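Visitor:
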Amino acid sequence: MTHDVNTLFVDGIVLTMNPTFDCFARGAVAVEDDRIVAVGPVDDILSAYQAPDVVSCTGKVIIPGLVNGHTHAPMTLLRGLADDLRLDVWLLGYMMPVEREFVSPEFVRLGTRLACAEMIRSGVTCFADMYYFEEYVAGAAADAGMRAVCAETILKQPAPDAYSYEESLRKCRQFIEHWQGHALVTPAVGPHAQFTSTPEILRISVQMAQQYQVPLLTHVSETAQEVIDCLQEHGMPVVPWLQANGILETRLIAAHCVHINENEKQLLKAAGAGVIHNPSSNLKLASGIAPVTRMLQRGLTVGIGTDGPASNNDLDMFDEIRLAAFLAKGSSGDPTVLPARQAFAMATIEGARALHLAEEIGSLEPGKRADLAVVDLCQLHNTPGFERDADNIYSRLVYAAKSTDVTDVMVNGRWLMRDRSLLTLSETDIRAEAAETAGRIDRFLMEREESVLSKLLVIGGVRQEESFEIQVKGILKENALQHVQQALSHPDIVVTKQSHYRQFDSYFFFDDADLDAERLRFREDEIINERGEVVDARNRLTLIGRGGEREFPGAVMLFRSRFIAPANKSLRFYQEYFHPTSVRHVNKERRRWQIRYKQTVFAVNLDKLLQPAMDNHFVELKARTWSQKDAERKATLIIELMGLFDQVDSVVTIPDGYVDL
Ligand SMILES: [Zn+2]
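Letter by letter, the sequence shown follows residues 285 to 945 of our numbering.
Take a look at the structure:
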């Protein structure tokens, strides 16, 4: 008496990934509706079950579908857009500006369809995602028939799908309520990372994750800088800070964990967190190598992810599994660590455990969801095969098999690919639509690259401040400070403010042939108190029009600066982002007096150049101006003022800015 089921996979090697790692050399799997009902030797299964759909798997291996533990699926559409850059330049200079401009429900849906097509082809049946408009990721994944843990991303800064984090949190709540209980999609909360969250974001995220009993996804200690910043800001590394904010009391899925110490591993282990290792992304962005072997020794649950396809650049889990194994060996100098079976487990049952889904998926066991893939072992690159060692099958899968060897994929009992043909997605349509989107992004970036200003605007925080400054500069020969103080004691001059600082300027030039072309100045001011100590610092970025816009008699120059941005990123960031053809540095010590002379405010600067070092001191007289008439009047006053300085001792005026000296 045989029992009727829907599908029988027969005559393949069945790799169960169950707790005892059972493997059937000539095995079979019976599937009924969305579940696996039986797994075992083919003769046993065939004597107990019959099905209208019998799939011969001769020369193939039947595996639990692979679990991609961390990705940003819609970013397939940004694949290869900007590579070989540092994480901050890549993220803040390219990804985020393009995302702000292009990410929409349509973009997310298309990118997810592309990602699903690619993942199904490579044997992935479940992925964990964090992006914007996550309801469209979930929708596209469900339509494609894939299983997914989908987390709506929450950031403290405005996101493509929300003006504020309050809005993101609201959207996240609605998203969870809508998708909870879905057969394929597990909704989740996704505070992006510690450094993009506020304690309030973390607190509310935890509340939501607990209230709805859903996972919480976040990026943890991806870069060393993140840890340094967290230590500086909160006096502790990232994981204790997350713990202090309740994050460890959720079903946590922590991506990366590249830079965590032993105590942090212990905390994550005690919290039952799933860690997702993203070897390609960590290498490509030079974030480092996660201490996977150590984590596994400590009993942590570690899965494998591709991370977003913009930092990988594909979603190929076969690549990731192999790289995870190789990296563990290469970085430890020990070829016995992370053997093939363990690496393969990280992409199946352990990956499922890391996503808190091990009850449902990750192994081929009766009662589990029918998520499985069939891999052809007869390709040349996997020939021949040996049977002496039972674990040899893991070696063949991890060290030789390729994603293109996957022939058939089923998720939740539904066929997504048969004989290498996708059944739920049209590759032709996806290709055409992706090419159209890429064309639009290309045009946007090409326009932006046309001017320094548009590149500046794109990274945000820029204030248009058209400012004209009229100024004269002179060289003081000796006793400069006394000279200036004596000149300022003139009865017609009232000193209203005094300050003292060191100024570090870096000028970016974009056209060495044209010295009048636009240039960008990164300025760091260190404010110095009476005791000579640095008490404050501020940075800003100014786009300076041309060198001297106009020259008045007496070497009085009109300068123009157009845009100012508070420079919250490093000089190195701007240098890599703007790609100047040359950079010149001018460092000086500046004493500054704000004065009133004939009802007009002027600034008097006494500068000593430190780099390039010069013996002379320079005195500058400056005033802001806003009209032709005003500029002319101030030019006259400035010459009068310079005359007062000249009475004290002779001053040689010069027409150039420091950077041109
Ligand atoms: Zn990520």
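Positions of the beta carbon are idealized from the N, C-alpha and C atoms, including for glycine.
Just so you know, these numbers come straight off a predicted model, no measurement behind them.
Using a 10 Å radius around the Cβ and a threshold of 16 neighbouring Cβ atoms, would you call Gly519 buried or exposed?
Guide: In the sequence shown, residue 519 corresponds to position 235, counting from 1. Exposed, since its Cβ has fewer than 16 Cβ neighbours within 10 Å.
Visitor: Out of curiosity, what's the CA-to-CA distance linking Leu709 and His503?
Guide: As a working mapping, residue 709 is identified with position 425 in the sequence shown. As a working mapping, residue 503 is identified with position 219 in the sequence shown. So the two alpha carbons sit approximately 30 angstroms from each other.
Visitor: Pick out the complete beta strand (DSSP E) segments inside the segment 452 to 483, 3 residues or longer, and give them in chain order.
Guide: Listed in chain order, the complete beta strand (DSSP E) runs (minimum 3 residues) inside the segment 452 to 483 are 469 to 475.
Visitor: Buried or exposed: which applies to Gln689, given that a residue is buried once 16 or more other Cβ atoms fall within 10 Å of its Cβ?
Guide: For this step, residue 689 is matched to residue 405 along the sequence shown. According to the sequence shown, residue 689 is Asp rather than Gln. Buried.
Visitor: Counting C-beta neighbours from all protein chains within 10 Å, is the total for Phe886 16 or more, i.e. buried, or is it exposed?
Guide: Taking the first residue of the sequence shown as 1, we reach residue 886 at position 602. With 16 or more other Cβ atoms within 10 Å, it is buried.
Visitor: Counting along the chain, where does the beta strand (DSSP E) carrying Trp877 start and finish?
Guide: Working through the sequence shown from its first residue, we reach residue 877 at position 593. Here the beta strand (DSSP E) through Trp877 covers Ser866 to Tyr881.
Visitor: Can you tell me which residues form a DSSP beta bridge with Phe628?
Guide: Within the sequence shown, numbered from 1, the residue matching residue 628 stands at position 344. Its beta-bridge partners do not exist; DSSP assigns none.
Visitor: Which word fits His540, buried or exposed, when buried means at least 16 other C-beta atoms lie within 10 angstroms of its C-beta?
Guide: Counted from its first residue, the sequence shown places residue 540 at position 256. His540 should be labelled buried.
Visitor: What's the C-alpha gap between Leu486 and Cys456?
Guide: Counted from its first residue, the sequence shown places residue 486 at position 202. Counted from its first residue, the sequence shown places residue 456 at position 172. Each residue's alpha carbon lies about 13 angstroms from the other.
Visitor: Answer yes or no: the CB of Asp372 versus the heavy atoms of ligand 1, is any distance below 6 angstroms?
Guide: The count along the sequence shown starts at 1 and reaches residue 372 at position 88. No, since every heavy atom of ligand 1 falls outside the 6 angstroms radius drawn around the Cβ of Asp372.
Visitor: Figure out for me which residue from Pro348, Val935, Leu376 and Cys307 has the closest Cα to the Cα of Ala764.
Guide: Position 480 of the sequence shown, counted from the start, is the residue given in the question as residue 764. It is Val935 whose Cα lies nearest to the Cα of Ala764.
Visitor: Taking Cβ to Cβ, would you say Val313 is nearer than 7 angstroms to Leu707?
Guide: As a first step, residue 313 must be located in the sequence shown, where it is residue number 29. As a first step, residue 707 must be located in the sequence shown, where it is residue number 423. Not closer than 7 angstroms, so no.
Visitor: By a C-beta neighbour count over all protein chains shown, 10 Å radius and 16 as the cutoff for buried, is Val576 buried or exposed?
Guide: As a working mapping, residue 576 is identified with position 292 in the sequence shown. Burial call: buried.
Visitor: Tell me whether Met359 sits in a helix, a strand or coil according to DSSP, three-state version.
Guide: Counting from 1 along the sequence shown, the entry for residue 359 is found at position 75. It is helical.
Visitor: Is the Cβ-Cβ distance between Pro874 and Asp891 less than 7 angstroms?
Guide: One-based indexing of the sequence shown puts residue 874 at position 590. One-based indexing of the sequence shown puts residue 891 at position 607. Just to set this straight, residue 874 is Arg in the shown sequence, not Pro. Going by C-beta atoms, Arg874 is nearer than 7 angstroms to Asp891.
Visitor: Taking DSSP as the reference, what is the three-state secondary structure of Lys549?
Guide: Position 265 of the sequence shown, counted from the start, is the residue given in the question as residue 549. Lys549: helix per DSSP, three-state reduction.
Visitor: In its own chain, which residues sit with a C-beta less than 7 angstroms from the C-beta of Glu810, not counting the 5 before and 5 after it?
Guide: The residue you call residue 810 lines up with position 526 of the sequence shown. Excluding residues within five positions, the ones whose Cβ falls inside 7 angstroms are Tyr785, Arg786, Val818 and Ala821.
Visitor: Determine the burial state of Met730: buried for a count of at least 16 other Cβ atoms within 10 Å of its Cβ, exposed for fewer.
Guide: In the sequence shown, the residue the question calls residue 730 occupies position 446. By the 10 Å Cβ count, Met730 comes out exposed.
Visitor: Would you identify the three-state DSSP class for Thr920, choosing helix, strand or coil?
Guide: The residue you call residue 920 lines up with position 636 of the sequence shown. DSSP places Thr920 in helix when its eight states are reduced to three.
Visitor: Comparing the CB of Asp427 with every heavy atom of ligand 1, is any distance shorter than 6 angstroms?
Guide: Residue numbering aside, residue 427 sits at position 143 when the sequence shown is read from its first letter. Not so, every heavy atom of ligand 1 lies at least 6 angstroms from the Cβ.
Visitor: CB-CB under 6 angstroms to Phe417, same chain, minus the five flanking residues each way: which ones, in chain order?
Guide: By 1-based counting over the sequence shown, the position of residue 417 is 133. Excluding sequence neighbours, Phe417 sits near Pro389, Val392 and Asp445.
Visitor: For Arg405, list the residues DSSP reports as bridge partners.
Guide: Within the sequence shown, numbered from 1, the residue matching residue 405 stands at position 121. Its beta-bridge partners do not exist; DSSP assigns none.
Visitor: If you measure from the CB of Asp618, is any heavy atom of ligand 1 nearer than 6 angstroms?
Guide: Within the sequence shown, residue 618 is the residue found at index 334, counting from 1. Asp618: no, Cβ never under 6 angstroms from ligand 1.
Visitor: Taking three-plus beta-carbon pairs below 8 angstroms as touching, is the segment 495 to 502 in contact with the segment 433 to 441?
Guide: Yes, since at least three Cβ pairs between the segment 495 to 502 and the segment 433 to 441 fall closer than 8 angstroms, the two stretches touch.
Visitor: Count the CB pairs spanning the segment 651 to 664 and the segment 625 to 632 that are closer than 8 angstroms, and state whether there are at least three.
Guide: Touching, no.
Visitor: Which first and last residues belong to the alpha helix (DSSP H) in which Gln441 is found?
Guide: Against the sequence shown, residue 441 aligns to sequence position 157. Unbroken run through Gln441: none, as it is neither H nor E.
Visitor: Quick test of your reading: Gly407 and Leu350, contact by CB under 8 angstroms. State the CB separation rounded to the nearest angstrom.
Guide: Taking the first residue of the sequence shown as 1, we reach residue 407 at position 123. Taking the first residue of the sequence shown as 1, we reach residue 350 at position 66. With 8 angstroms as the limit, Gly407 and Leu350 qualify as a contact, their Cβ atoms being about 5 angstroms apart.
Visitor: Given a threshold of 16 other Cβ atoms within 10 Å of its Cβ, counted over all protein chains shown, does Lys781 qualify as buried or as exposed?
Guide: On the sequence shown, residue 781 is found 497 positions in, with the first residue counted as 1. Exposed, because fewer than 16 other Cβ atoms sit within 10 Å of the Cβ of Lys781.
Visitor: Suppose the cutoff is 7 angstroms on Cβ atoms and the five residues either side in sequence are ignored; what does the same chain contact list for Arg637 look like?
Guide: Here residue 637 refers to the residue found at position 353 of the sequence shown. Excluding positions up to five away in sequence, the list reads Gly558, Thr585 and Gly646.
Visitor: For Gly286, does the count of other Cβ atoms within 10 angstroms reach 16, so buried, or fall short, so exposed?
Guide: Along the sequence shown, read from residue 1 onward, the residue named residue 286 stands at position 2. At residue 286 the sequence reads Thr, which differs from the Gly that was named. By the 10 Å Cβ count, Thr286 comes out exposed.
Visitor: At 3 residues or longer, what runs of the beta strand (DSSP E) sit wholly inside the segment 711 to 787?
Guide: 747 to 760, all fully within the segment 711 to 787.
Visitor: Report yes if the CB atom of Phe788 is closer than 7 angstroms to the CB atom of Asn889, and no otherwise.
Guide: Here the question's residue 788 lines up with position 504 in the sequence shown. Here the question's residue 889 lines up with position 605 in the sequence shown. The answer is no: Cβ separation not under 7 angstroms.
Visitor: Are the segment 759 to 774 and the segment 846 to 854 touching, with three or more C-beta to C-beta distances below 8 angstroms?
Guide: Cβ pair count under 8 angstroms is below three, so no.
Visitor: Check whether the segment 525 to 536 and the segment 474 to 489 touch, using three or more Cβ-Cβ pairs below 8 angstroms as the test.
Guide: Output reads yes: the segment 474 to 489 touches the segment 525 to 536.
Visitor: For Met898, does the three-state DSSP call read helix, strand or coil?
Guide: Translated into positions along the sequence shown, residue 898 becomes position 614. Met898: strand per DSSP, three-state reduction.
Visitor: Around the Cβ of Arg698, are there at least 16 other Cβ atoms within 10 angstroms (buried) or fewer (exposed)?
Guide: As a working mapping, residue 698 is identified with position 414 in the sequence shown. Buried, by the Cβ-count rule.
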